[in-house]
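Residue numbers -24 to -1, 1 to 404, in mature numbering (1 follows the signal peptide of the UniProt record, and there is no 0), belong to the letters of the sequence shown in order. Where is the CB? At the ideal position from N, CA and C, for every residue including glycine. So the structure is just underneath, and the comments pick up after that.
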Amino acid sequence: MNTVSRIWIAAVAATAMSPFAAQAQDTSLTYLTHWSPDTVALLEQAAGDYAAAHPGVKVTVRAVPFGDLLTTIRSGGTDGPTIASIYDLWLPALVKDGLVAPAPETVAGEVTTNWPAGIAAAASVNGQVYGIPNEINVYALNYNKKLFAEAGIAAPPKTWDELKDAAAKLTDASAGRQGFGMINSWAAGVVHPFSSLLVSNGGQLIADGKPQLDSKQALETFELYETMIKEGYSVAAMGTADANTTGPFLDNFVSGKTGMIIMANWWESALKGGMGDAFADIGTAPIPVGPSGDTARSISYSWQTVVNAGADAAHQQAAWDFLAWLNGPTSGKNGASAMADILQSMGILPSRTSDVEAYKDALGRPFLEGYVSTLANAQGFPIVLGGQEFSEALQQVIEQLQYGQVSAAEAQTNAQADAASILERAAQ
């Protein structure tokens, strides 16, 4: 049994998503995404292939920056995009506000049958499927093998003590090099690496709807950050980034000014583009285990496509039909979906079981090894009402810690208080 098969355990035989019996005619659909121009072009090509086989249906792709994606969906109403790509954290609030349509029974059945249970659950609210999952992202330690060799570090760190020791050896202030890079200025980029260290330390962000940031495991995670910052192993000014990882965070890792980071699998394409042949120097490994942890873990999150509840019945039906085809095993190459082909062009892990099987050889390449090995123990980022506000509030506290404005103990107290207030208010 290959590695990917073990991760996903029991792969269900792929079945094609069946088109709806009634075919929409003269129907124009709009698809909102945050992807780059090169990736948008691939989506447009797939949409063109679908339109060629379905006369009368046209799919127009619109791209906005990640930071504008949610606000664009919320401001669109009945005139908004027919289809939108969303981060799974946003789904509960969009459902509560009546902005996304429930999936038809046929599509819902495909999702629950052909995706792992945890990923299907992230596309559901109260047992009702609202989206078709596509990509899944997990976090791993990325490190510069060349810098490791120069510093006499034989292997990537497996524990927090080894992480701190490696960071110390890699740091060279005179050369402008930090041992361990932390992102700031971008909520998910700040919170997900912190959360991955937290779960690798045996902690949780939220349990039974209640924040768990007042735990011993959380304090130890805040203290790890505090140590990295106070010792000069991590420099906040070197970590500014946006959702495309542009800025100092990417630049410093690409140029060898940062020895280690914790980052998601999807940024492989950005690294390759920035590093060229030097990309071969980059290694990946599971998240180091903290003093209260028992095994390497990672935070995971997924994306999905949803349909505008404000669209009329004909447009909704046509949208679901297109999405069923786009994410089904007949639209791509060699049994993969067209969506999986698009995701793999960016180095992103697909989530449909048959897509994982179709790409099993590609998913075994060196850069993804550290990610694939942690999938089995990954914990999904909590999908709760108020989740986005929770994430942004935690981002602010972590950034205050990065810039030396609060201590680890103060960060913990503030983070727990903010989270409790946000989740209590959201639940009302």
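- The beta-carbon distance between F366 and L399, rounded to whole angstroms, is 6 Å. This is short enough to meet the 8 Å contact definition.
- Less than 8 Å divides the Cβ of L181 from the Cβ of L174.
- Separation of S210 and L377 (C-alpha to C-alpha, rounded to the nearest whole angstrom) is 12 Å.
- With fewer than 16 other Cβ atoms from the protein chains shown falling within 10 Å of its own Cβ, Q21 counts as exposed.
- Per DSSP, the continuous beta strand (DSSP E) segment holding P109 begins and ends at 107 to 120.
- The residue among S12, P169, Q280 with its C-alpha nearest the C-alpha of T222 is S12.
- Exclusion of the five residues before and after F255 leaves L247, K248 as the residues of its chain whose Cβ lies within less than 7 Å of its Cβ.
- Following the DSSP letters along the chain, one finds L8 inside the beta strand (DSSP E) bounded by residues 3 to 9.
- Under the 8 Å Cβ criterion, the segment 152 to 160 counts as touching the segment 216 to 234, having at least three qualifying pairs.
- Here D297 is buried, its C-beta having at least 16 other C-beta atoms within 10 Å.
- When rounded, the separation of the alpha-carbon atoms in Y106 and G208 is 46 Å.
- Counting only the Cα atoms, A300 lies some 24 Å from S276.
- In this structure, S327 keeps its C-beta atom at 8 Å or more from the C-beta atom of E138.
- The C-alpha of A385 is placed about 43 Å away from the C-alpha of T15.
- Straight-line spacing of the CA atoms in G362 and Q372 works out to 16 Å.
- Secondary structure note for V33: its beta strand (DSSP E) is the uninterrupted segment 33 to 39.
- Cβ-Cβ separation between Y115 and S274: approximately 5 Å, consistent with a contact (criterion under 8 Å).
- Comparing alpha carbon positions, the residue from G43, W243, Y119 closest to G323 is W243.
- The segment 312 to 322 and the segment 139 to 152 do not touch, with fewer than three beta-carbon pairs separated by less than 8 Å.
- Beta-bridge pairing by DSSP links A183 to K186.
- Between P264 and S176, the C-beta spacing is below 8 Å.
- Following the DSSP letters along the chain, one finds G155 inside the beta strand (DSSP E) bounded by residues 154 to 157.
- Leaving aside the five residues that flank D25 on each side, the residues in its chain whose CB is nearer than 8 Å to its CB run, in chain order, S307, A314.
- Bounds of the alpha helix (DSSP H) holding Q376 are 363 to 378.
- Per the C-alpha coordinates, the member of G340, V40, Q293 positioned closest to P80 is Q293.
- Among the bridge pairs identified by DSSP, Q193 is matched with none.
- Two segments are said to touch when three or more pairs of C-beta atoms, one from each, lie closer than 8 Å; by this definition the segment 186 to 205 does not touch the segment 117 to 133.
- Within its own chain, the residues whose Cβ lies closer than 6 Å to the Cβ of L70, once the five positions on either side in sequence are excluded, are V76, listed in chain order.
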